[in-house]
Amino acid sequence: MTSGRGQGRLPQDSTLAPALAAIHGFYLHLADLRRISAKAVDALFVTAPHPATGKLVLEPRIRVDPRPSHASGRAPAASHEEFAALLRTTKTARDRCMVALLGACALRVGQVVGLLREDIHLVPAGSTVPGCPYSLGPHLHLKKRDGHPRGAANKNRGTVVVPVPGPVVMLYADWMRERLTIPGAGKAIWAFVSFPGPTGEPGGQVLGTRRVQDLVSDLARDAGIRHIHPHMLRHAFGETAADLDVACDVLQRLLGHRDVASQNVYRNPSDARVAHAAQAVNDKIFGPA
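The opening position of the sequence shown corresponds to residue 1258 in this note's numbering, with each subsequent residue numbered one higher.
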């Protein structure tokens, strides 16, 4: 009998849901008895309008996602059509730009919400930003930082430079214009911030990873496609690059992997591609038939 990380089965949603409900209820009871600080309630719950009545209620920050999971342990890649459907379904320039960064730049959710405005250098090729020698066109810097207000994490080590394609540059410009309409966004250092809330909050607050995860899931539902998790958009980038035979060391840089073996999950060549490659090699050896 062994135990520990990676051993045994993961708990099912049917087990987690009542357990989480009991834990949340226990902490609310302790708060009512003044046995714990109200800060504990703030950490576990968020105030939100009830979808039916509109009244403000406490909703758990941690909850079980009842939507389908993936038995393989790895989310499959979103298709190009699904990525396009998500973009078409967005209702704000901010959301459109975040989805584009997830799919077209292969960013992780924690990297998107952790971006600062100073990390994004959308200058034309041949130009540079003071303090940054990169001159190959629009790009952003993924920097590992601690202390994100909502606990977001960036897995890369050091600083990773990611090229930004032209369509994403335009979407970011649209977001910058939209951002001007948010009263609380002017002094915010974060690249992506919240909109004004239903109870009068001015907006301009940093986003958490759960907000982006829920956004992508909701967009998929509204678009009438299968459940999409943000990491499936990163996988779409990785598999597309692998299909284009992007060199392993180049794809490692693009994805910010520490180990080149991490990209093996994207390299799943079809029988047709293998047969074509074998023919191409033999054409070189023996000459074309």
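Here a beta-carbon is modelled for each residue, glycine too, at the ideal position from N, C-alpha and C.
Here the structure is a predicted model, which is why all the values come from computation and not from measurement.
Straight-line Cα distance separating residue j from residue i
| i | j | result |
| --- | --- | --- |
| V1356 | D1540 | 43 Å |
| H1225 | S1336 | The structure shown has nothing for residue 1225, since the chain only spans 1258 to 1546. |
| M1489 | Y1429 | 22 Å |
| T1438 | A1499 | 40 Å |
| A1363 | G1415 | 17 Å |
| I1293 | C1505 | 52 Å |
| R1436 | Q1536 | 53 Å |
| K1296 | P1424 | 43 Å |
| K1444 | D1502 | 43 Å |
| P1325 | D1479 | With a pLDDT of 47 at P1325, under the threshold of 50, the predicted position of this residue should be treated as unreliable, though the coordinate-derived value follows. Each residue's alpha carbon lies about 16 Å from the other. |
| Q1368 | T1349 | 20 Å |
| V1421 | P1395 | 5 Å |
| A1361 | D1299 | 35 Å |
| P1333 | A1279 | 33 Å |
| L1399 | R1483 | 30 Å |
| V1418 | R1318 | 33 Å |
| D1403 | A1409 | 9 Å |
| T1346 | G1460 | 23 Å |
| A1288 | L1301 | 12 Å |
| L1397 | L1379 | 8 Å |
| A1448 | H1286 | 38 Å |
| V1469 | V1450 | 11 Å |
Best match in the options for proximity to residue i [C-alpha to C-alpha]
| i | options | result |
| --- | --- | --- |
| I1485 | S1392, W1447, A1342, L1464 | A1342 |
| M1433 | I1482, V1417, D1403, I1377 | I1377 |
| M1427 | L1472, R1407, P1381, A1409 | P1381 |
| R1467 | V1370, P1387, T1347 | V1370 |
| K1401 | L1372, D1431, N1411 | N1411 |
| L1511 | L1359, G1388, G1460 | L1359 |
| S1474 | D1352, L1285, E1316 | D1352 |
| G1481 | V1469, L1344, L1301 | L1344 |
DSSP three-state assignment for residue i, whether helix, strand or coil
| i | result |
| --- | --- |
| K1400 | strand |
| H1486 | coil |
| T1346 | helix |
| L1372 | coil |
| H1378 | strand |
| P1424 | helix |
| V1503 | coil |
| H1416 | Residue identity check: residue 1416 is Thr in the sequence provided, not His. T1416: strand per DSSP, three-state reduction. |
| C1354 | helix |
| S1294 | coil |
| L1277 | helix |
| S1336 | coil |
| L1437 | coil |
| H1492 | helix |
| L1359 | helix |
| H1286 | helix |
| L1511 | helix |
| G1367 | helix |
| A1409 | coil |
| A1498 | helix |
| A1529 | helix |
| A1445 | coil |
Cβ-based burial, residue i [other Cβ within 10 Å; buried from 16]
| i | result |
| --- | --- |
| C1354 | buried |
| E1496 | buried |
| R1374 | exposed |
| L1464 | buried |
| R1291 | exposed |
| V1507 | exposed |
| A1276 | exposed |
| F1452 | buried |
| A1328 | Note that A1328 scores 45 on pLDDT, short of 50, meaning its location in the model is unreliable and no value can be drawn from it. |
| A1477 | buried |
| T1385 | exposed |
| E1338 | exposed |
| L1393 | exposed |
| R1365 | buried |
| P1440 | exposed |
| G1454 | exposed |
Opposing strand residues paired with residue i [DSSP bridges]
| i | result |
| --- | --- |
| P1317 | F1302 |
| C1248 | Outside the shown range of the chain, which is 1258 to 1546, sits residue 1248, and nothing can be said about it. |
| V1450 | V1463 |
heavy atom of the ligand FMN below 7 Å from residue i C-beta
| i | result |
| --- | --- |
| A1357 | Of the ligands one can find in the structure shown there are none, so the ligand FMN has no counterpart to examine. |
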